[in-house]
Amino acid sequence: MDKVVATAAEAVADARDGATLAVGGFGLSGVPNVLIGALYDLGVKDLGVVSNNCGALESGLAVLLSAGRIARVTGSYIGANKEFARQYLGGELEVEMIPQGTLAERLRAGGLGIPAFYTPAGVGTQVADGGLPWRYDGQGGVAVASPPKEVRTFDGTEYVLEHGIRTDFALVRAARGDRHGNLVFNKSSRNFNPLAAMAGRVTVAEVEELVEPGGIDPDQVHLPGVFVQRVVALTPEQAVDKGIERRTVSASPTRGTGTGSTGTRTTGTGSTGTESA
5 MDKVVATAAE
15 AVADARDGAT
25 LAVGGFGLSG
35 VPNVLIGALY
45 DLGVKDLGVV
55 SNNCGALESG
65 LAVLLSAGRI
75 ARVTGSYIGA
85 NKEFARQYLG
95 GELEVEMIPQ
105 GTLAERLRAG
115 GLGIPAFYTP
125 AGVGTQVADG
135 GLPWRYDGQG
145 GVAVASPPKE
155 VRTFDGTEYV
165 LEHGIRTDFA
175 LVRAARGDRH
185 GNLVFNKSSR
195 NFNPLAAMAG
205 RVTVAEVEEL
215 VEPGGIDPDQ
225 VHLPGVFVQR
235 VVALTPEQAV
245 DKGIERRTVS
255 ASPTRGTGTG
265 STGTRTTGTG
275 STGTESA
């Protein structure tokens, strides 16, 4: 039952070229940067990645993307990742863009053994009708387009068939975890991490705080250990290394009748949601 692995390198050592990965995180929140770094050091390439986005600010999956290690992305958000956009429009990267809620449900369905489900999201658009550019030819034309999907009517409403997602590996980051793989996520890092973890045949979790079995109240467990095969305990330095995507600084209100000086307050979207200091 002890799923703790000594190092991140050991935890991903069996990943091979062409592997598929479900990767947790939302922006900079809850991104398994240490495990991604271990994959980079391993040198694997031609990876198929399923994630909400593909990294930001040259961190997370952007490390693998910039190195040309990712061949295909299934996601719902490109954002301000200029390298992602360049590779996609240049025909270097295949991209399947799907509605964010559909992505979440496809991951969850795959983890629960549900092969497919019907949803109204995307009906009447290229999501259902086909024709979304998956890969460009580098000259402005479309080399590979999405195929049409099955649409059925239930109680007078049309629904499109979407398939569950299963991947070879899943990489996630949790705030706390025990040796049995039970995990707790912090704030917005809970958005996609549990779902990505469920979809992986081999799920590896990096945890900021490792506790002994029983150290987490069962009612507080966000993801049961049955979905997790390997746990990597982060060092204190790795645990506190959290980026802020957009930093804003404003004057604090004057308090009391002291010197009248004002300080500053810094806020931003960090790896645990909205952080302030």
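Residue numbers (our numbering): 5 to 281. Heads up, the beta-carbon is just placed ideally off N, CA and C, and yes, glycines get one too. The structure displayed is predicted, hence computed values, not measured ones.
By the beta-carbon neighbour count (other beta carbons within 10 angstroms, threshold 16), T157 is exposed. DSSP places P103 in the coil class of the three-state scheme, outside both helix and strand. By the CB criterion at 8 Å, I74 and V48 fall outside the cutoff. With a cutoff of 8 Å on beta-carbon distance, S55 and V38 are scored as not near each other. The beta carbon of N197 lies closer than 6 Å to those of G28, G34, V176 and F189 in the same chain, with the five residues before and after it left out. By the neighbour-count criterion, in which 16 or more other beta carbons inside 10 Å mark a residue as buried, L165 falls on the exposed side.
For P240, there is no enclosing beta strand (DSSP E); the residue is part of the alpha helix (DSSP H) that begins and ends at P240 to V244. Taking the Cα of L116 as reference, the smallest distance to any Cα among S254, S192 and A203 is reached at A203. Under the three-state reduction of DSSP output, E96 falls in the coil class, being neither helix nor strand.
Taking the CA atoms as reference points, Y122 sits about 18 Å from M101.
Counting of Cβ neighbours within 10 angstroms places R90 among the exposed residues, the total staying below 16. Between the segment 80–89 and the segment 56–70, the count of C-beta pairs closer than 8 Å reaches three or more; the two stretches touch. For P137, there is no enclosing alpha helix (DSSP H); the enclosing beta strand (DSSP E) covers residues P137 to Y140. A check of alpha carbon separations from V146 across R76, G135 and A201 identifies G135 as the nearest. As a beta-bridge residue in DSSP terms, A120 pairs with H167. For G142, the closest of D245, G64 and E96 by C-alpha to C-alpha distance is E96.
I118 is classed as exposed because its beta carbon has fewer than 16 other beta carbons within 10 Å across all chains shown. When secondary structure is reduced to three states using DSSP, I82 falls in the coil class, being assigned neither helix nor strand.
Under the DSSP assignment, V27 falls in the beta strand (DSSP E) whose first and last residues are T24 to V27.
With 16 or more other Cβ atoms from the protein chains shown falling within 10 Å of its own Cβ, E98 counts as buried.
When secondary structure is reduced to three states using DSSP, E162 falls in the strand class.
In the same chain as Y81, and ignoring 5 residues on each side of it, the C-beta atoms closer than 8 Å to its own belong to N56, N57 and Q104, in chain order. Excluding the 5 residues flanking it on each side, G168 has same chain C-beta neighbours closer than 7 Å at R110, A113, G114, I118, P119 and A120, in chain order.
Between the segment 237–255 and the segment 13–20 there are fewer than three inter-stretch CB-CB distances shorter than 8 Å, so the stretches are not counted as touching. When the alpha-carbon of N186 is set against those of D159, L25, E216 and A174, the nearest one is in E216. The beta carbons of V206 and Y163 sit about 32 Å from each other, so the pair does not count as a contact at 8 Å.
The C-alpha of V77 is placed about 15 Å away from the C-alpha of A60. Between M5 and H184, the gap from beta carbon to beta carbon is short of 8 Å.
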